[in-house]
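Before any comments, here is the structure.
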Amino acid sequence: MSKEVQNDEDVKSALRQIFGEDVSPETLKNYAHKYAELMAYYRCALMEVETKFNVLDEEFSLQFDRNPIESIKGRIKRPESIHKKLLKYGLDISIENIKNNINDIAGIRVVCSFLDDVYVLADALLKQDDITLIEKKDYIKNPKENGYRSLHLIVGVPIFLAHEKRIMNVEIQLRTIAMDFWASLEHQLRYKKDFVYTDEMLRELKECAETSSELDLRMENLRHKVRSSLDSYNRIHS
């Protein structure tokens, strides 16, 4: 899991930048404690979802002698990002507004070997009776204008505390190695927010995305051919 705010003092430091230096110490203390508590719940939800994917990966390994998941990475949105999102929605800073209006505070990215694995894993997760699908956006079948591809799910997952059960929302991104390669490099190229890309640059980025998509399809077809050849060989020699 990526580096994130862990304790009240870290939270206070970040929130002081948001509220301003004139915020009262008591207000900051109360808000920081509640905020840190909420983030702890989101971290628990991330652990639950990551465990579910690790179990599915282990099952695939036992049944098919291969692991469909290349990597799993989780993150919690930082206070500054949450603040920007609340401002975007025209909402005041409050714990209730964070809980009720932002669905991607806890995020997990699952990078898969092949295109089919993305949908197989997503379907297997959503069939579990303690997972509730809140939102689904398929940017693989319907890529974004810039060429971005990924399957996005917002799910509700229960966490079991000492005296209660809470349902927490987690955003899940499932993508192939090729999709992740493109998205990671595109993010690095766009790290300067004030830089304006030319039409030629944007066109080339999109063409790179299309090339990575073509690679996914070719590798998927090759996998089917290999599987078919192995099945034929086993039938002949059984």
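In our numbering, the protein residues as written are -12 to 225.
Glycine included, each C-beta is placed from N, C-alpha and C at the ideal position.
Since this is a predicted model, take the numbers as computed values, not measurements.
Residue span of the alpha helix (DSSP H) that contains residue i, given as start and end
i	result
Lys71	Pro66 to Lys75
Leu120	Premise fails: Leu120 lies in the beta strand (DSSP E), Thr119 to Asp125, not in any alpha helix (DSSP H).
Asp104	Leu102 to Leu113
Asn90	Taken as a continuous stretch (DSSP letters only), Asn90 belongs to no alpha helix (DSSP H), as it is neither H nor E.
Range covered by the beta strand (DSSP E) that runs through residue i
i	result
Ser11	Ser11 -> no beta strand (DSSP E), and no H or E assigned at all.
Other residues of its chain near residue i: CB distance less than 6 Å, five sequence neighbours each side excluded
i	result
Glu122	Ile141
Leu102	Thr163, Asp203 and Glu207
Ile223	none
Ile159	Ile95 and Leu140
Pro145	Asp117, Lys152 and Ile154
Same chain, Cβ closer than 7 Å to residue i, neighbours up to 5 away in sequence not counted
i	result
Leu120	Leu113, Leu140 and Val142
Glu57	Val98, Cys99, Ser100 and Ile164
Asp227	The first residue shown for the chain is -12 and the last is 225, placing residue 227 beyond what the model contains.
Arg210	Phe101
Three-way DSSP call (helix, strand, coil) for residue i in this model
i	result
Arg222	helix
Ile95	strand
Arg62	strand
Ile56	strand
Ser81	coil
Asp305	It is not possible to answer for residue 305, since the shown part of the chain is limited to -12 through 225.
Identify every run of the alpha helix (DSSP H) within the stretch 127 to 209, keeping only runs that are complete inside it and at least 4 residues long; order them along the chain.
Along the stretch 127 to 209, the alpha helix (DSSP H) occurs as fully enclosed runs of 4 or more residues at 164 to 176, listed in sequence order.
Examine the Cβ distances between the stretch 187 to 199 and the stretch 57 to 75 and report whether three or more of them are shorter than 8 Å.
Not touching, per the Cβ criterion.
The stretch 55 to 62 in contact with the stretch 125 to 145 per 3-pair CB rule at 8 Å
no
Touching or not, the stretch 73 to 84 and the stretch 15 to 35, by the rule of three or more beta carbon pairs under 8 Å?
yes
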